[in-house]
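Those protein sequence lines, which keep their order, are chains U and B.
Sequential numbering of the first sequence, starting at 5, is according to the working numbering.
Sequential numbering of the second sequence, starting at 5, is according to the working numbering.
The C-beta atom is built at its ideal place from N, Cα and C for all residues, glycine as well.
Here's the structure, in structure tokens; my notes come after.
Protein chains: 2
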Amino acid sequence: MGSAKISKALLKRLPVYLNHLKSLPGENRNISATAIARALGLGHVQVRKDLAKISGEGRCRTGRSRDQLIQDIEKYLDFTSRTTSIIVGAGPFGQALLDYSRFENLGLNIVACFDLDPISKQSDSGKPIYSIGRLEFFCKYYDVHIGIIAVPAEDAQAVCNNLVSCGIHAIWNFAPVHLKVPDGVIIRSENLAVSVASLRLQMRANEGTE
Amino acid sequence: MGSAKISKALLKRLPVYLNHLKSLPGENRNISATAIARALGLGHVQVRKDLAKISGEGRCRTGRSRDQLIQDIEKYLDFTSRTTSIIVGAGPFGQALLDYSRFENLGLNIVACFDLDPISKQSDSGKPIYSIGRLEFFCKYYDVHIGIIAVPAEDAQAVCNNLVSCGIHAIWNFAPVHLKVPDGVIIRSENLAVSVASLRLQMRANEGTE
């Protein structure tokens, strides 16, 4: 499979296609690249190219099977297998991520949360929240592959080091801080500050031109 | 001020600089672009250029005042003023955003949450949660500028339309769906599915090369 070489831009569009296809009413229906492009405000040449890459060439008149396309995109994005993951940080944000049911459809199986000082033993949906002291044993026993960081910025590097020393090689960081990881460890950071700044600067620019 | 013309890449680096500067111990200290670059794993030419843009040229020997640099970045990113914002969707994720205290440091003042069927009248931190029926009155009375969408994908477009009709011209969308907005309305979507897919595809690529 060529999905390791998938471009960043295509990677951004594929979940958008997927959501759109899943949101369409009716079963066993067909859909054309042009209709998808129109609904999503994208160029039809782009959409046709993307879909051809994922799902082969479509037919001119009948379009593509919606269900087949959903299957192909999910397979391409590897949403059909499961990656065992844990969260460190049982604050409101960490627990919201823990209970966010949609992650399972994306192949992310978040099995537990860890905290320095857990106030509750489980989340609203019943997932376990453990003391951080149990992290190492848990990671090795359950073969955890992704560690999600949802602690304050000042604690994030220590948590990151702890996760790496527990054998975790992929980190998803929600703390607003730059984390250092050894070679071979994958890190992805969500920086909501960038979004807030971008939104507010765009607003100000628009106000300036009105 | 030139911040309306700020490049995307610089916009991503500025909050990272800011967090780093704030995390440094000690008061009234000076810091050089080289030290910042080293700490964050960035090129020193890049950092020097960025800081010169935001804060003027630094001095070769003494470096820059850390506190002045923090002030200049916050001013550049407009984090020192406040934008009144509301959230629609009082599920765990919406409430986590509502109570995320760090947003205030970014100039985002989230004053209330709205839901079709509010289970509670306030969040853990005491912010009000209202029925969606009160949205229009509230937005006009309190001069709300940003609407944050934290509802399921299938409800997001209707909520978005509602926000726009209430006079809101900037939308921050956490629902995993493409939203259509009229010209002049700014929209920014966070798509966590893209992050999950990217992280898992990178992991798979790494496993393939080991």
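N- and C-terminal bounds of the alpha helix (DSSP H) containing residue i
| i | result |
| --- | --- |
| Arg42 of chain U | Ala37 to Leu44 |
| Ser59 of chain U | His48 to Ser59 |
| Lys79 of chain U | Arg70 to Tyr80 |
| Phe141 of chain B | Leu139 to Tyr146 |
N-terminal and C-terminal residue of the beta strand (DSSP E) that residue i is part of
| i | result |
| --- | --- |
| Leu112 of chain B | Leu112 to Asp119 |
| Tyr4 of chain U | Within the shown structure, residues of chain U are numbered from 5 to 214, placing residue 4 of chain U beyond reach of any answer. |
| Arg192 of chain B | Ile190 to Ser193 |
| Ile153 of chain U | Ile150 to Ile153 |
| Tyr134 of chain B | Ile133 to Ser135 |
| Val168 of chain B | Where Val168 of chain B is concerned, there is no enclosing beta strand (DSSP E), although the alpha helix (DSSP H) it sits in stretches over Ala157 to Ser169. |
| Val92 of chain U | Thr87 to Val92 |
| Ile172 of chain B | That residue, Ile172 of chain B, is in no beta strand (DSSP E); it is neither H nor E in DSSP. |
Within-8 Å CB hit, residue i to chain B
| i | result |
| --- | --- |
| Val200 of chain U | yes |
| Thr84 of chain U | no |
| Thr87 of chain U | yes |
| Trp176 of chain U | yes |
| Asp159 of chain U | no |
| Arg192 of chain U | yes |
| Gly6 of chain U | The predicted position of Gly6 of chain U is uncertain, since its pLDDT is 44 and thus under 50; a value taken from the coordinates is nonetheless stated next. With 8 Å as the cut-off, Gly6 of chain U does not count as an interface residue toward chain B. |
| Asn195 of chain U | yes |
| Leu14 of chain U | no |
| Asn165 of chain U | no |
| Leu183 of chain U | no |
Interface flag, residue i vs chain U, CB-CB below 8 Å
| i | result |
| --- | --- |
| Asp128 of chain B | yes |
| Phe118 of chain B | no |
| Gly45 of chain B | yes |
| Leu221 of chain B | Look at the range of chain B in this structure, 5 to 214, and you will see that residue 221 of chain B is not part of it. |
| Ile10 of chain B | yes |
| Pro96 of chain B | yes |
Check whether residue i and residue j have beta carbons under 8 Å apart
| i | j | result |
| --- | --- | --- |
| His48 of chain B | His24 of chain U | no |
| Asp119 of chain B | Gly93 of chain B | yes |
| His173 of chain B | Val189 of chain B | yes |
| Ala179 of chain U | Ala160 of chain U | yes |
| Ile133 of chain B | Lys125 of chain B | yes |
| Arg70 of chain U | Ile123 of chain U | no |
| Ile90 of chain U | Val148 of chain U | yes |
| Ile150 of chain B | Asn177 of chain B | no |
| Leu73 of chain U | Ser59 of chain U | yes |
| Leu139 of chain B | Asn166 of chain B | yes |
| Arg52 of chain B | Ala37 of chain B | yes |
Rounded separation between residue i and residue j - CA only
| i | j | result |
| --- | --- | --- |
| Lys26 of chain U | Tyr104 of chain U | 18 Å |
| Arg86 of chain B | Val200 of chain U | 11 Å |
| Leu28 of chain B | Gly45 of chain B | 16 Å |
| Tyr171 of chain U | Leu15 of chain U | According to the sequence provided, residue 171 of chain U is Gly. The question's Tyr does not apply to it. Their Cα atoms are separated by approximately 27 Å. |
| Leu21 of chain B | Ile40 of chain B | The question names Leu, but residue 21 of chain B is Tyr in the sequence shown. Cα to Cα, the separation comes out at about 8 Å. |
Beta-carbon neighbours of residue i, restricted to chain D and to distances below 8 Å
| i | result |
| --- | --- |
| Pro186 of chain B | Absent from the structure is chain D; the protein chains it does hold are U and B. |
Residues in the segment 100-116 of chain U having any Cβ partner in chain B nearer than 9 Å: Residues passing the 9 Å Cβ filter: Ala100, Leu101, Leu102, Asp103, Tyr104, Arg106, Phe107, Asn109, Leu110, Gly111 and Leu112.
Chain-ordered residues of the segment 21-35 of chain B with a beta carbon less than 7 Å from chain U: Taking 7 Å as the Cβ-Cβ cut-off against chain U, the residues of the segment 21-35 of chain B that qualify are Asn23, His24 and Ser27.
Residues, ordered as in the chain, of the segment 48-78 of chain U that lie near chain B by beta-carbon distance below 8 Å: Of all residues in the segment 48-78 of chain U, none has a Cβ within less than 8 Å of some Cβ in chain B.
Against chain B: residues of the segment 129-155 of chain U by CB proximity under 8 Å: So the close ones are His149 and Ile150.
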